[in-house]
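Colleague: I have a structure here, written as structure tokens, and I will follow up with some questions on it.
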Amino acid sequence: MIFDVDMETLPRDELEPLQLTRLKSLVERVYYTVPFYKKKFDEAGVHPSDIHHLSDLKLLPFTMKQDMRDNAPFGLFAVPKDNVVRLHSSSGTTGKATVVGYTKRDVRNWAKLMARSFMAAGATHRDVVHNAYGYGLFTGGLGAHYGAEELGATIVPVSGGGTKRQAGLLRDFGSTVICCTPSFALYLYEVGLETGINFRELPLRIGIFGAEPWTDTMRRDIEDKLGITAIDIYGLSEIMGPGVAIECHEAQDGLHLMEDHFLVEIIDPITGEQLPPGTTGELVITTLTKEAQPLIRYRTRDITSLNYVPCKCGRTFVRMKRVTGRSDDMLIIRGVNVFPSQIETILLETKGLAPHYQILVKREGPLDMLEVQVEVDESFFSDEIKGLQQLESKISKNIKEFLGVTAKVKLVEPKTIQRSEGKAKRVVDLRGQS
Amino acid sequence: MRVDQLSIFLENRAGRLAEVTRILSENKINIRALSLADTSDFGILRLIVSDFEAAQKVLKENGMTVGRTSVVAVAVDDTPGGLHRILGILGEKKINVEYMYAFVHPHESKAIIIFRFDRTDMAIEVLKENSIAMIPGDQLYMM
């Protein structure tokens, strides 16, 4: 089922004029209300009256995360502060925190986009939604919350933490949909098993997973273990939060971007040039309808590609590929670009390994050393040294073959790699510490 | 004639072996025989214990990766040439020994050798045909 049939199936020759109208009005609005944009446009020698076609988007300057930090907390607001009804903030782990404001209409639009997302995932008003995204400044919790209410489903606002209690709640409330990070889903599953709860026997049928990179192999693992359909959701707090794009359960092949609200491009992260459809590069988003804090050509740092082939679900929105990495999380190992998700794919495809791994980057003398620690799992444990050593060398051979870097693979005992209740820490870069 | 052996994955760090012996001792499980294979990073501890099921359960509960391996226990006269005769017979049949370890019979003047073969069933057949005494699991665990 489709929540907003009129918009989600709008023919592209009607969608694009709508995007252009919205873009023109947006550019004019930010130029006259946000000094930051006026200055940037003037410096780039572009004026709102220069925008005649969607292709003129490339005339506009990019907005970076640093711009949001520099102008925090309220410097990028395009409405008087009286009109802002909510503030969210992203974690300041990589620098000063960024702030995002929403007007009443922004909050409503967000709820509608999340309701669309739930329905694309296969959920309806009859579902019970276990929402394990953190509630608070992080956009995941409240984003999913209001979306589920907009849909008319029953929301269980569990938030993060208390894993054992969560497994019990999931069983007792008979939740049919779960929202959390993919790594938390697997963690919850393990904790459930330890307390005698088998997810396959529960009514749970859909998982909506986001907020961290994962792979198709991990999806199959989750689907198999939990007995559900696992759906990928995409969003980022700077733009809005979850609900920017979602997979449809019909195809599970790429995430439909909500193009009536977001204008998207793929660029070369180094040169900033727009890339042709289908090419892999960095996703850039322009918010077409955001009132409180619109963003022009925001560099998401997420690496993906766009697929314009019509989808069997009937939605006309372009599909973005699962995010395969971040241009700023990219590890450069002896001059080779490596994304942690690529290593995960290799691990999972090597021999049904449990997706519990950690990547260590060290510097030994002048050389970067990549070490991949993988937890030993009963499914492939062998009583013979040679069996385990063959596995180690097979993984390192595959990494060498597919990524072109030499990695030392080290098997470690189960549960030695830290399990998180939020985002999994996959990469430990020790190069700066020597 | 198969004997259940516990195989445990251990990282090569101080205290990991002691963790296994602590768990077994707290659960009153006796070790009959053991061998440890090691590499620079990890080791595999192989144990024959007084109660396989109980040992497997408590080790797993403590988060260890535990495997069950079928091995064969052979009683060999504690005299020169005793082991050589057995290996000769197996070698003729092209049965490979993956690893083995031995301990002395607590009551008789015999050595007990634990074999891990590449083809366990065939090895048992060959040993039987040559009237070589094997010790069944239940007897070994209680020895």
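Residue numbers (my numbering), protein chains in the order written: chain A, 79 to 512; chain B, 112 to 254. Ideal Cβ positions, reconstructed from N, Cα and C, are used throughout, including at glycine.
Could you list the residues in the region 140-155 of chain B with a C-beta less than 9 Å from some C-beta on chain A, going in chain order?
Modeller: Listed by position along the chain: A148, D149, T150, D152, F153, G154 and I155.
Colleague: Return helix, strand or coil for A:S253, following the three-state DSSP convention.
Modeller: Here the question's residue 253 of chain A lines up with position 175 in the first sequence. If DSSP states are grouped into helix, strand and coil, A:S253 belongs with coil.
Colleague: Going by the DSSP bridge assignment, what does A:T382 pair with across the sheet?
Modeller: Here residue 382 of chain A corresponds to residue number 304 of the first sequence, with the count starting at 1. Note: A:T382 sits in a beta bridge opposite A:G359.
Colleague: Using a C-beta cutoff of 8 Å, does B:T180 count as contacting chain A?
Modeller: Residue mapping note: residue 180 of chain B aligns to position 69 of the second sequence, counting from 1. Yes, contact with chain A.
Colleague: In or out: A:A198 buried (at least 16 other Cβ within 10 Å) or exposed?
Modeller: On the first sequence, residue 198 of chain A is found 120 positions in, with the first residue counted as 1. A:A198 is buried by the Cβ-count criterion.
Colleague: Below 8 Å, can you find three or more Cβ-Cβ pairs linking the region 123-141 of chain B to the region 216-224 of chain B?
Modeller: No contact exists between the region 123-141 of chain B and the region 216-224 of chain B.
Colleague: Go through its chain and collect everything with a Cβ distance to A:R249's Cβ below 7 Å, but skip five positions before and after it.
Modeller: For the purposes of this step, residue 249 of chain A is taken as the residue at position 171 of the first sequence. Cβ neighbours of A:R249 beyond the five flanking positions: I275 and L280.
Colleague: On the DSSP bridge list, what partners appear for A:F459?
Modeller: Counting from one through the first sequence, the residue named residue 459 of chain A turns up at place 381. A:F459 pairs with nothing; no bridge assigned.
Colleague: Give the straight-line distance between the Cα atoms of A:E290 and A:F395, rounded to the nearest whole angstrom.
Modeller: Along the first sequence, read from residue 1 onward, the residue named residue 290 of chain A stands at position 212. Along the first sequence, read from residue 1 onward, the residue named residue 395 of chain A stands at position 317. The alpha-carbon atoms of A:E290 and A:F395 are separated by roughly 23 Å.
Colleague: Might you give, ordered along the chain, the residues of its own chain that have their beta carbon closer than 8 Å to the beta carbon of A:D128, omitting 5 neighbours on each side?
Modeller: Counting from 1 along the first sequence, the entry for residue 128 of chain A is found at position 50. Excluding sequence neighbours, A:D128 sits near D134 and L137.
Colleague: Kindly identify the DSSP beta-bridge partner or partners of A:H334.
Modeller: The residue labelled residue 334 of chain A in the question sits at position 256 within the first sequence. Partner(s): A:I324 and A:R397.
Colleague: Does A:P444 come within less than 8 Å of chain B when only Cβ atoms are used?
Modeller: Numbered from 1 along the first sequence, position 366 holds the residue referred to as residue 444 of chain A. Taking Cβ atoms only, chain B never reaches closer than 8 Å to A:P444, which makes this a no.
Colleague: What's the C-alpha gap between A:S512 and A:K118?
Modeller: The residue labelled residue 512 of chain A in the question sits at position 434 within the first sequence. The residue labelled residue 118 of chain A in the question sits at position 40 within the first sequence. For A:S512, the pLDDT reaches just 45, beneath the cut-off of 50, and the residue's location in the model is therefore unreliable, although a value from the coordinates is still provided. If you take the alpha carbons of A:S512 and A:K118, they lie about 40 Å apart.
Colleague: On the three-pair Cβ rule with 8 Å, is the region 367-379 of chain A touching the region 414-423 of chain A?
Modeller: In short, these stretches do not touch, since the Cβ pair count stays below three.
Colleague: Taking 8 Å as the cut-off, decide whether the C-beta atoms of A:A210 and A:C258 are in contact.
Modeller: Locating residue 210 of chain A in the first sequence gives position 132, counting from the first residue. Locating residue 258 of chain A in the first sequence gives position 180, counting from the first residue. Cβ atoms of A:A210 and A:C258: closer than 8 Å.
Colleague: Answer with yes or no whether the minimum CB distance from B:R227 to chain A is below 8 Å.
Modeller: As a first step, residue 227 of chain B is located in the second sequence; it is residue number 116 there, counting from the start. It does: the Cβ of B:R227 has a partner Cβ on chain A nearer than 8 Å.
Colleague: Just to check my reading of the structure: A:R393 and A:L445 have Cβ atoms closer than 8 Å, yes? What is that Cβ distance to the nearest angstrom?
Modeller: As a position in the first sequence, residue 393 of chain A is number 315, starting the count at 1. As a position in the first sequence, residue 445 of chain A is number 367, starting the count at 1. The Cβ separation is near 48 Å, so there is no contact.
Colleague: Beta strand (DSSP E) containing A:R204: first to last residue?
Modeller: Walking along the first sequence from the start, residue 204 of chain A turns up at place 126. Counting along the chain, A:R204 falls outside any beta strand (DSSP E), and DSSP gives it neither H nor E.
Colleague: Name the chain A residues whose beta carbon is nearer than 8 Å to that of B:T176?
Modeller: Reading the second sequence from its first residue, position 65 is the one you call residue 176 of chain B. What B:T176 touches in chain A: V454, D455, E456, F459, E491 and P492.
Colleague: Just to confirm, are A:L366 and A:R186 a CB contact at a threshold of 8 Å?
Modeller: Position 288 of the first sequence, counting from 1, holds the residue named residue 366 of chain A. Position 108 of the first sequence, counting from 1, holds the residue named residue 186 of chain A. The answer is no: Cβ separation not under 8 Å.
Colleague: If you draw a straight line from the C-alpha of A:P235 to the C-alpha of A:E325, how long is it?
Modeller: Taking the first sequence and counting its residues from 1, the one referred to as residue 235 of chain A is at position 157. Taking the first sequence and counting its residues from 1, the one referred to as residue 325 of chain A is at position 247. Going by the C-alpha atoms only, they are around 23 Å apart.
Colleague: Please check if any C-beta of chain A sits within less than 8 Å of the C-beta of B:R272.
Modeller: Only positions 112 to 254 of chain B appear in this structure, which leaves residue 272 of chain B out of reach.
Colleague: Chain A partners of B:E209, CB-CB under 8 Å?
Modeller: As a position in the second sequence, residue 209 of chain B is number 98, starting the count at 1. Chain A residues near B:E209: E462.
Colleague: Hey, A:V255 and A:I286 are a contact pair by Cβ (cut 8 Å); roughly how many whole angstroms apart?
Modeller: Counted from its first residue, the first sequence places residue 255 of chain A at position 177. Counted from its first residue, the first sequence places residue 286 of chain A at position 208. Indeed, because the Cβ distance is near 7 Å, the residues count as touching under 8 Å.
Colleague: Could you say if the region 195-207 of chain B and the region 156-168 of chain B meet the contact criterion of at least three C-beta pairs nearer than 8 Å?
Modeller: No: the two stretches stay apart, fewer than three of their Cβ pairs being nearer than 8 Å.
Colleague: Would you say B:F163 reaches chain A, if we count a Cβ-Cβ gap shorter than 8 Å as a contact?
Modeller: Start at 1 with the first residue of the second sequence, and residue 163 of chain B comes out as number 52. Chain A, which has no Cβ nearer than 8 Å to the Cβ of B:F163, makes this no.
Colleague: Could you pull out every residue in the same chain whose Cβ sits closer than 6 Å to the Cβ of B:K171, ignoring the five residues on either side in sequence?
Modeller: Working through the second sequence from its first residue, we reach residue 171 of chain B at position 60. Excluding residues within five positions, the ones whose Cβ falls inside 6 Å are V177.
Colleague: Taking the beta carbon of A:P372 as the centre, do at least 16 other beta carbons fall within 10 Å, making it buried, or is it exposed?
Modeller: To locate residue 372 of chain A, count along the first sequence from 1; it is residue 294. It is buried - the Cβ of A:P372 has at least 16 other Cβ atoms within 10 Å.
Colleague: By the 8 Å beta-carbon criterion, what residues does the region 122-142 of chain B contribute toward chain A?
Modeller: Hits within the stretch, in order: E122 and R127.
Colleague: Based on the DSSP output, what are the partners of B:V177 in its beta bridges?
Modeller: For the purposes of this step, residue 177 of chain B is taken as residue 66 along the second sequence, with counting starting at 1. DSSP lists B:I119 as partners of B:V177.
Colleague: Over the uninterrupted beta strand (DSSP E) stretch that includes A:R504, give me the two end residues.
Modeller: Here residue 504 of chain A refers to the residue found at position 426 of the first sequence. Run containing A:R504: none; DSSP gives neither H nor E here.
Colleague: By how many angstroms is the C-alpha of A:E360 removed from the C-alpha of A:V452?
Modeller: If you number the first sequence from 1, residue 452 of chain A lands on position 374. If you number the first sequence from 1, residue 360 of chain A lands on position 282. Near 29 Å, if we compare the C-alpha coordinates of A:E360 and A:V452.
Colleague: Would A:V206 and A:A231 be called neighbours here (beta carbons separated by less than 8 Å)?
Modeller: Counting from one through the first sequence, the residue named residue 206 of chain A turns up at place 128. Counting from one through the first sequence, the residue named residue 231 of chain A turns up at place 153. Against a cut-off of 8 Å, the Cβ pair of A:A231 and A:V206 comes out as a contact.
Colleague: What first and last residue would you give for the alpha helix (DSSP H) that runs through B:L128?
Modeller: Numbered from 1 along the second sequence, position 17 holds the residue referred to as residue 128 of chain B. That run of the alpha helix (DSSP H) goes R127 to E137.
Colleague: Could you tell me which chain B residues have their CB closer than 8 Å to the CB of A:D467, listed as they occur along the chain?
Modeller: Within the first sequence, residue 467 of chain A is the residue found at index 389, counting from 1. Looking at the sequence itself, residue 467 of chain A is Gln, so the reference to Asp does not match. Those within 8 Å of A:Q467 in chain B are T150.
Colleague: Are the C-beta of B:R113 and some C-beta of chain A separated by less than 8 Å?
Modeller: Here residue 113 of chain B is taken as the residue at index 2 of the second sequence, counted from 1. It does not: the Cβ of B:R113 has no partner Cβ on chain A nearer than 8 Å.
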